[in-house]
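Numbering (this note's numbering), first residue to last: 19 to 197.
Each residue gets a CB set at the ideal place from its N, CA and C atoms; glycine is no exception.
Beneath this line is the structure, given in structure tokens, with notes to follow.
The following block contains the structure:
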């Protein structure tokens, strides 16, 4: 019986440890989900943080929309962060190359081209993120989204900035793309 009791005690201890790990895991995942909902996406010069809290309070997402936002954000955030990290790394390499005694202009051109491709990829990801958020939004919320995302696409003091909605001049580059 002594051996039987020891085995039962060990089983109980193992079950208790398993239960504790499950509880800790659940708490951890809830914390991570809440963190993902409050993840900050900085637009422009750091002026307009787009976070879960922002979408709930400013855009007016309800609980169901917030759950959809969390899922959309879970897909967008890692991709965009990876691209931003790669862009930042390339910027360091570009600046290092520019400051060499003998600048390799061919390498500089390659680095700049790679940076441009990453920038395009980031704009694609951001555009898809925006479109997915539009899909779960009503007309009023779409207008709020439009205002929140505008700094990502229009820079202050740009040739097309400051002319008001609908009154923006078509950027000259757009003419080149259409031709």
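| Asked | Found |
| --- | --- |
| Outcome for residue 159 when other beta-carbon atoms lying within 10 angstroms are tallied against a minimum of 16 | buried |
| Pick from 170, 41, 144, 24 that is closest to residue 91, judged by C-alpha positions | 144 |
| Span separating the alpha-carbon of residue 112 from that of residue 37 | 52 angstroms |
| Nonlocal neighbours in the same chain, by C-beta distance under 7 angstroms from residue 199, ignoring five residues either side | Nothing about residue 199 can be read from this structure; the chain reaches only from 19 to 197. |
| Alpha-carbon spacing of residue 150 relative to residue 22, whole angstroms | 59 angstroms |
| Whether residue 115 touches residue 121 by CB criterion (8 angstroms) | yes |
| Spatial distance of residue 103 from residue 20 (CA atoms) | 60 angstroms |
| Delimiting residues of the alpha helix (DSSP H) encompassing residue 98 | 81-116 |
| Neighbour-count burial assignment, residue 77, 16 or more Cβ in a 10 Å radius | buried |
| Simplified DSSP state of residue 122, which is helix, strand or coil | coil |
| Inter-residue Cα distance where the pair is residue 86 and residue 131 | 35 angstroms |
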